[in-house]
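This report concerns only the one structure given below.
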Amino acid sequence: MNEKELISTASDAAAELIGAGSYPFVEGWRAWRVRGKWFMLATTMPANKSFEGKKAIILKAPPEDVAALQAGYVDIGPAYHMNKRHWYTVYPGDSINPKLVRELVQESYAAVVQKLPKAQRPAGWQEAVR
């Protein structure tokens, strides 16, 4: 999957989630939030990092899932500029496909929504991630 497909697929998947919205964060960064909490970020990797100049997405997951994803996919690595225990980066590459990206975006959204107080969770959110 190339970087354009990665960003497009992730953006489309996030747009389908109840209560989710996309916002500019700082120059070169875009954030997707639900009830004010981030569940996805997109940026271009800086010159001093591997994947220099490539677009990537950053997602949230439980720590055990973060470790498993990084071990299982060559194109998934530690989170850039985030808590590496709870966040990870998905880079464009051959080990990444649209189905996986959609699942990862939904799982990131679910990880954030599940931590919200029940009264703040978007109605019907569970159906959106199945």
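Count along the sequence shown from 1, then add 2; that gives the number in the working numbering.
Idealized CB from N, CA, C, for every residue including glycine.
Rounded to whole angstroms, what's the CA-CA distance from residue i to residue j? Just pull it up for me.
i, j, result
"residue 111", "residue 47", "23 Å"
"residue 86", "residue 38", "21 Å"
"residue 90", "residue 74", "13 Å"
"residue 62", "residue 7", "20 Å"
"residue 92", "residue 17", "18 Å"
"residue 77", "residue 125", "34 Å"
"residue 19", "residue 118", "15 Å"
Among residues of its own chain, excluding the 5 on either side of residue i, which ones have a beta-carbon nearer than 6 Å to its beta-carbon?
i, result
"residue 12", "59, 103 and 107"
Determine the closest residue to residue i out of the options, with distance taken between C-alpha atoms.
i, options, result
"residue 5", "100, 129 and 64", "100"
"residue 56", "117, 128 and 82", "82"
"residue 131", "21, 3, 7 and 8", "21"
"residue 27", "42, 15 and 19", "42"
Given residue i, which residues of its chain have a CB within under 8 Å of its CB, disregarding the five upstream and five downstream residues?
i, result
"residue 30", "45 and 46"
"residue 122", "37"
On the DSSP bridge list, what partners appear for residue i?
i, result
"residue 45", "31 and 58"
Keeping to the same chain, check which residues put their C-beta closer than 7 Å to that of residue i; ignore five residues upstream and five downstream.
i, result
"residue 109", "63"
Exercise. What residue ranges within the region 53-121 form continuous alpha helix (DSSP H) runs of no fewer than 4 residues, ordered along the chain?
Worked result: 65-74 and 100-115
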